[in-house]
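Numbering (the working numbering), first residue to last: 509 to 1026.
Heads up, the beta-carbon is just placed ideally off N, CA and C, and yes, glycines get one too.
Input: a single structure, listed below in structure tokens.
Next comes the structure, spelled out in structure tokens:
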């Protein structure tokens, strides 16, 4: 149990001084409800969310420990530089005020009701869910700082602890270094310690310089209290922005709250704040009124840095930026796309857009004597997506709306052995992404059924892929969850998508969409 013992020792050492004595606990934003304000039944759900997070954190620690132990077993741990950053910006606040059983839904701009979330109480964190805890836990996890991930203006959205171990070079253990550094400093540090110079040219192509400052100097105990060599840093994320310089930071939270991923936002006027973090670790005391000239200088510095590093124009959109139509694409401008058997694991963002657009998918297949079974085409997975497949001899279409709603369309007749054409048409009722749609299925040109979708996946299904002939990664439909990739038992000649209104924008249209600020 070497990992457990090592973790405990490190925790005791870190408890002695990561947060300076006298640091003030910042106030909870009024928009985030308190624990005491929640009814008991909702607290059960919130407790389950924290338990799930603890489970995942324990799993992560265990797996990281396995890597460390493997290096130690090789006899190379003393000569291995380990940089362990605890977190990804701040704790994440996209999970809504009540939490969501499906983070992908939240990222699409659809937040669950408390009733929908409560329905997953007993399955929270199990396969088929992709959960995210309520924003109250995110705020608690960012203690003692203000705000959460996304809010790059404040340390609750950016600051993380980092552990560095290199016994052959760093003699001290459990020591604290408080110099200001940024994630962009990791690469310069690695280049310095291995003695490699970043090339200015590769195969005749000029290379961009690496921004950042090595923190290798902090490895030496003699530099434990040395001034930071990283003296200036801008921050920006979706309009939230800040400028750090020599111990001072100017911070401006932009109006959209982290859990407001689409729809109407709680807009406020942008207000700049000013903090002296040499004595105010948590950004608790706003000095903007006392130091207006210093604030103005940092605001001007931010604009200069933003221009230098291509931050401008500021873009405060969230779910819209997830949309695959904002990216360059091989399928841009096409009104017909054909895939064939063997095309698997095409990332959703690299294929044509197949959600919240009008389309007809037509599959030409050979059904064997044993009957039709298995996936013909699938996009997405258990988080969200849709699948066309053979099921107990019939053609079936399944639409998974983030696990919250599931819709099925099954052909009335069994498909006889031989060649068949199966066509599914999705017709949105509005131009609004995520709005209702009608679905029809035809087999060999004859209507085989229809259904209504009250909601569609607005932007994308998540982080999975498109597959012909199987469903890779996780299953779109629960019914074939235990059947592995659920490959099609017959032969697939082709799967063709027809887009009646050329919904795949051209390259220039994509650029316009990506840079549009309205």
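- In this structure, DSSP gives residue 566 a helical state, which the three-state scheme calls helix.
- Cβ-Cβ distances below 7 Å link residue 839 to 845, 859, 860 and 1012 in the same chain, with the five nearest sequence neighbours on each side left out; the list follows chain order.
- Taking a contact to require three or more Cβ pairs closer than 8 Å, the stretch 946–963 and the stretch 992–1000 do not qualify as touching.
- For residue 913, the three-state secondary structure derived from DSSP is strand.
- Boundaries of the beta strand (DSSP E) harbouring residue 782: 779–784, taken from the DSSP string.
- Taking one beta carbon from each stretch, the stretch 956–974 and the stretch 876–884 have fewer than 3 pairs nearer than 8 Å; the two do not touch.
- Within the same chain, and ignoring the five residues on either side of residue 789 in sequence, the residues whose Cβ sits closer than 8 Å to its Cβ are 527, 528, 531 and 652.
- DSSP places residue 572 in the helix class (H, G or I) of the three-state scheme.
- Around the CB of residue 728, fewer than 16 other CB atoms lie within 10 Å, so the residue is classed as exposed.
- For the options 852, 895, 739 and 863, the alpha carbon positioned closest to that of residue 809 is the one of 739.
- Around the beta carbon of residue 925, a 10 Å sphere encloses fewer than 16 other beta carbons of the protein chains shown; the residue is thus reported as exposed.
- With 16 or more other CB atoms across the displayed protein chains lying within 10 angstroms of its CB, residue 742 is buried.
- Between the alpha carbons of residue 731 and residue 581 lies a gap of roughly 32 Å.
- Contact annotation: the stretch 623–631 does not touch the stretch 577–595, with fewer than three C-beta pairs closer than 8 Å.
- Residue 766 and residue 644 do not touch by the CB rule: their CB atoms are close to 12 Å apart, not below 8 Å.
- Residue 543 sits in a helix when the DSSP states are folded into three classes.
- Among the bridge pairs identified by DSSP, residue 908 is matched with 893 and 914.
- If you draw a straight line from the Cα of residue 613 to the Cα of residue 962, it comes to about 15 Å.
- In this structure, the CA atom of residue 983 is about 17 Å from the CA atom of residue 917.
- Where residue 800 is concerned, there is no enclosing beta strand (DSSP E), although the alpha helix (DSSP H) around it starts and stops at 800–816.
- The alpha carbon of residue 847 has as its nearest neighbour, out of 817, 703 and 886, the alpha carbon of 886.
- Per the coordinates, the alpha-carbon of residue 661 lies some 15 Å from the alpha-carbon of residue 776.
- Note that the stretch 707–715 does not touch the stretch 626–639; fewer than 3 beta-carbon pairs, one per stretch, sit closer than 8 Å.
- When C-beta atoms of the stretch 902–916 are compared with those of the stretch 937–949, three or more pairs fall below 8 Å, so the two segments count as touching.
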